[in-house]
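Heads up: the structure comes next, in structure tokens.
Chains as they are written, first to last, in our numbering: chain A, 1 to 670; chain B, 671 to 1301.
Here it is as structure tokens:
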């Protein structure tokens, strides 16, 4: 070993091999320095101060922020460092809600783990005063600020990986907190519910919102028949909660466990994924032939769909109209199972086990309801299923595997690889290849679309047709592709988007894992699963074919559209709130709302608002007209924007307001 | 040499011609302290009175200046204690505590009859001697106003006057006669050290940034002065904004930057306004902008208002704030010289540092070094406040002793009633919330960056808070700890949580809840915060505690073990008592006590029942004989 390129760590020479910081280098010496805020895929933050080391000539520094230099002499475990680390953990614990026994994150809490590891046996500091309210405003995530240690992981993940920035720091000093803009609830801001914040959170400050209790209730209700679908990614991760390695496929054991829990029928979301492939590929090929609305974006990821609705309303026509596999399953189950199973529709409960928090939101979207009830009644995460298995005392590892129920439990390998980034593309290619060439193809793997790189652009020739694919995961990468499309600088045909880096296998509902290799192992598990199945192409799924015969009709046909497709709407990014600038009174006949958002403000909306208020007061219209200040009408380039009744005025002047108001008042009087 | 694009000489001539008719000048201090005391009303009254007496008055210099009396507003003249201040030139009379009612006398006696108004002159409270002229007053006599020189004298809103006094000559020289390396060398040779608190050699900072290869570089003037009681930078920006801009231009030239930012505290509206005007005027005059002095170099200067956070004075947080991010520091390295604003090499200097730069370029590093000490050359401005007779803005060469500052310039220590208190000195807090205290043994210590550092304090940006014997040092530590706790950005654990718990421990001490473990825990925690915090704010936050512990440990111990505050300031520890020898038995306290804790017969000493007393202090206020203590 060359000492000239080494760092001396606790008496051993460790070779520098391009590590961006000492923390990574020290890990090579088999020393796991404690840290909360260091994540290899996030920017370096340097806030938790636990990874401190002593360097000769430099004193105490954080290893995550220090670049390794040859010849450095580093100590990682001195009396001073131990005492400082303990002190910092004590400080954090003092400010942390310490109800560990009742915390949902207890078994995977890094603060608890490090406190034990560092030998913190007492907290000598004063506990935090006052309880902060929980944010339970949305179906996907729960924020508990009382457990937040302000490591900033969630803030950076949301901003740097997803490009959303739904949460950030607010206030200073001891009052510092992580919160959505203006202290609103998560449901009122741009959160897409991907849950990446929850999966990087070292404590229980952001967690998936559980639905275990209503599922238990349904299971113990004799009138109900509870069926369940298992998403592909669940089978390669659930085992981690029972000590198995990431990526071990446990489908059979999961089926056995679900049966023991009392579920009536156990189905596979991969069946619906096969359906998705046929519908989505068909839609794509039609577009490709006509050369319109390209590229086609995938629509399986509900976080991406919400993102697109918020930020890419101009590109919504490009998003595939296919429902996600979860929702295809839901509508199909509610449409066909009552007859197949002989139960009343209202007594059929559809539960899904998902690796995802956004699926909880998706299941509650109004588009996915029929007959007053949601198509998917409850969504459990992989974690929640693991907890239910534990609660029931089931010895998961000792179970004898059982098989899924037919017909909705039968899938091809194409439907299984959906759970990894690139999987949807590969499954679609397996279909499109045969469809375009008209020849049966035995070699089904398109391994070139696999991988973990954030954006992968591939050119693939299927027969005579050249296809340009982009596979992106992480919404910030999606944003970059969207911007290229808007700028007209790319000519993709098909864009697969998954919000979570790695795809569904790394979803926020998966068992908490701080192992860097877990993603690869889980993805490999899915590809192995594909290999062991007899069928690999969705078009060969006989039960899917039968389903088209009996229920759906033609691919892309009318009934298929009814059950398997959906539409999208532009979402307002800013909650449409406003407040009256006049004295509150009884209901007014005409309401004038003036946007006082930044863009409109800069274009003079404040002065306009003042003039309108003066006008209303001067003409004694306060009883009839309400004047409100409001936020974004999402026409920032056309400001100032003013809404009078139902009429939205852009580039608005006071004269425009006056004439519109007069005509509306005339109608009111009439 | 390239021909100058703008002619400073011509501008100077034009200015001088425009005021050739003026025989008298009346300068009203419009620094913050004087404005707060009503100097603008004095200004208006003067304007009326002068006009009413038929004297031609020029308030603002326009193109046509036919008047013979020039009435102008200046920036801070320094002697804030005695404000509002009015100076009459050319005699140099300084009138103190001027009220609008005094204006008639000033006009009648001084402007018309050429005599000073004796009753408005400064009179030394200890000697009773009065002084007619500014430079004779002890407060000014001991100072050396090099950076503040014109501040308080010239009209800060008039670029012509600045140029007439040699302004922008240093910048011209830097752009037309000096290479960047030469400028860096000159500043390095001067030994100038950063005035913002760190004392880092400015020349070295510039040289490092000059050496960085980049298509874009920035210079930033850090005007986010935030220490409690400090107003040096504010006064310079308000009193002589062009001086700061000139320094910034020279810094830009020295490192090869073409874009500059002045990041001013938004809480300094006057400074913001004056800097903005100065930038606009300099642009209009062709000094800032394209092709500066015909050098082919451009400089564009932006003025940005701060986001209202103390931590934004920390350079990496300040840059984050300019970039539109939350003002939070990031770990260094990389230093701003390598990767600063928007990832580009950046020099960030304090207002006073930049204000010193033109002086060095004009007079040379050798001359500059004649002031101050070997390792801390030059002068330093201080905001002298607290229990001192003459509070105000001062400037002294490094090496001046604390004794000279407090007793000669400051006029001595005062008691809580404002009377000069001999032997009243207890300590002085230097360097604000990042600093520490200096005590009696340091009175003769020549003050410079290194000597102060050895005592456990820092020179800092120049706040000097004098404390008399009635000051409780635990409360002093508590005050500063509360400040840093509130102003912590909340990013790193030791600073956010550590300062909070340090504050809680100090709170325990003050309120008599401390145990034998409190002090030990406080010291351990202070060390963990000091060593482990991410930025300077956190690393220095424990200084006031450590420093007071070092010099006043017994005071802490008295609070903890005897539950007694030696200075008698901690209410929770005080035992309410009526001193029998002073009590006349008038019953005033008894009648006012809201809880009936006081008993006593008329004309006989009264008593307080400490168990009933809520320490509201009403009785002490009612007592005319100062007989009640401990409430």
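Note that the Cβ used here is the ideal one computed from N, Cα and C, for glycine as well.
Report all residues from its chain with a CB closer than 7 Å to the CB of residue i; omit the five preceding and five following residues, and keep chain order.
{"i": "residue 1022 of chain B", "result": "817, 865, 902, 903, 906, 1051"}
{"i": "residue 1178 of chain B", "result": "1184, 1188"}
{"i": "residue 139 of chain A", "result": "209, 360, 361, 364"}
{"i": "residue 396 of chain A", "result": "242, 253, 257, 389"}
{"i": "residue 1090 of chain B", "result": "795, 796, 1059, 1082, 1084"}
{"i": "residue 400 of chain A", "result": "256"}
Does any C-beta atom of chain B lie closer than 8 Å to the C-beta of residue i?
{"i": "residue 168 of chain A", "result": "yes"}
{"i": "residue 332 of chain A", "result": "no"}
{"i": "residue 597 of chain A", "result": "no"}
{"i": "residue 91 of chain A", "result": "yes"}
{"i": "residue 11 of chain A", "result": "no"}
{"i": "residue 52 of chain A", "result": "yes"}
{"i": "residue 126 of chain A", "result": "yes"}
{"i": "residue 241 of chain A", "result": "no"}
{"i": "residue 49 of chain A", "result": "yes"}
{"i": "residue 412 of chain A", "result": "no"}
{"i": "residue 62 of chain A", "result": "yes"}
{"i": "residue 58 of chain A", "result": "no"}
Under 8 Å, Cβ to Cβ, is there at least one residue of chain A near residue i?
{"i": "residue 1168 of chain B", "result": "yes"}
{"i": "residue 1216 of chain B", "result": "no"}
{"i": "residue 991 of chain B", "result": "no"}
{"i": "residue 1164 of chain B", "result": "yes"}
{"i": "residue 1126 of chain B", "result": "no"}
{"i": "residue 996 of chain B", "result": "yes"}
{"i": "residue 979 of chain B", "result": "yes"}
Within its chain, find whatever has a CB closer than 8 Å to the CB of residue i; leave out the 5 residues flanking it on each side and keep chain order.
{"i": "residue 589 of chain A", "result": "624, 625, 665, 668"}
{"i": "residue 654 of chain A", "result": "608, 611, 612, 615"}
{"i": "residue 90 of chain A", "result": "120, 122, 123, 124, 125"}
{"i": "residue 735 of chain B", "result": "Any reading at residue 735 of chain B needs caution, since the residue's pLDDT is 44, under 50, leaving its predicted position unreliable; the model's value is listed next. 688, 689, 691, 692, 728."}
{"i": "residue 1255 of chain B", "result": "1270, 1271, 1272, 1273, 1274, 1275, 1276"}
Apart from the five residues just before and just after residue i, which ones in its own chain have a Cβ nearer than 6 Å to its Cβ?
{"i": "residue 1095 of chain B", "result": "1083"}
{"i": "residue 575 of chain A", "result": "Model confidence at residue 575 of chain A stands at a pLDDT of 48, short of 50, so the residue's coordinates are unreliable; what they give is reported in the following sentence. Hits under 6 Å: 188."}
{"i": "residue 636 of chain A", "result": "599"}
Out of the options, point me to the one whose CA is closest to residue i's CA.
{"i": "residue 98 of chain A", "options": "A:253, A:122, A:336, A:434", "result": "A:122"}
{"i": "residue 264 of chain A", "options": "A:186, A:219, A:36", "result": "A:219"}
{"i": "residue 262 of chain A", "options": "A:116, A:457, A:385", "result": "A:385"}
{"i": "residue 1136 of chain B", "options": "B:827, B:1097, B:824, B:700", "result": "B:1097"}
{"i": "residue 853 of chain B", "options": "B:771, B:923, B:945", "result": "B:923"}
Taking Cβ positions, are residue i and residue j nearer each other than 8 Å?
{"i": "residue 161 of chain A", "j": "residue 179 of chain A", "result": "no"}
{"i": "residue 1298 of chain B", "j": "residue 1259 of chain B", "result": "yes"}
{"i": "residue 436 of chain A", "j": "residue 463 of chain A", "result": "yes"}
{"i": "residue 563 of chain A", "j": "residue 308 of chain A", "result": "no"}
{"i": "residue 756 of chain B", "j": "residue 768 of chain B", "result": "yes"}
{"i": "residue 812 of chain B", "j": "residue 1079 of chain B", "result": "yes"}
{"i": "residue 269 of chain A", "j": "residue 231 of chain A", "result": "yes"}
{"i": "residue 723 of chain B", "j": "residue 777 of chain B", "result": "yes"}
{"i": "residue 1203 of chain B", "j": "residue 1235 of chain B", "result": "no"}
_Any contact between the region 1276–1283 of chain B and the region 1246–1256 of chain B? By contact I mean 3 or more CB pairs, one from each, below 8 Å._
With the cut-off at 8 Å, the region 1276–1283 of chain B and the region 1246–1256 of chain B touch.
*Tell me, please, whether the region 931–950 of chain B touches the region 1041–1048 of chain B by the rule of three or more beta-carbon pairs shorter than 8 Å.*
no
*Report yes or no: do three or more beta-carbon pairs, one from the region 1054–1067 of chain B and one from the region 921–930 of chain B, lie closer than 8 Å?*
no
*Specify whether the region 431–449 of chain A and the region 298–314 of chain A touch according to this definition: at least 3 beta carbon pairs, one from each stretch, less than 8 Å apart.*
no
*asked:* I'd like to know if the region 402–415 of chain A and the region 269–278 of chain A are in contact, where contact means that at least 3 CB-CB pairs between them fall below 8 Å.
replied: yes
*Are at least three pairs of beta-carbons, each pair with one atom in the region 369–380 of chain A and one in the region 340–358 of chain A, less than 8 Å apart?*
yes
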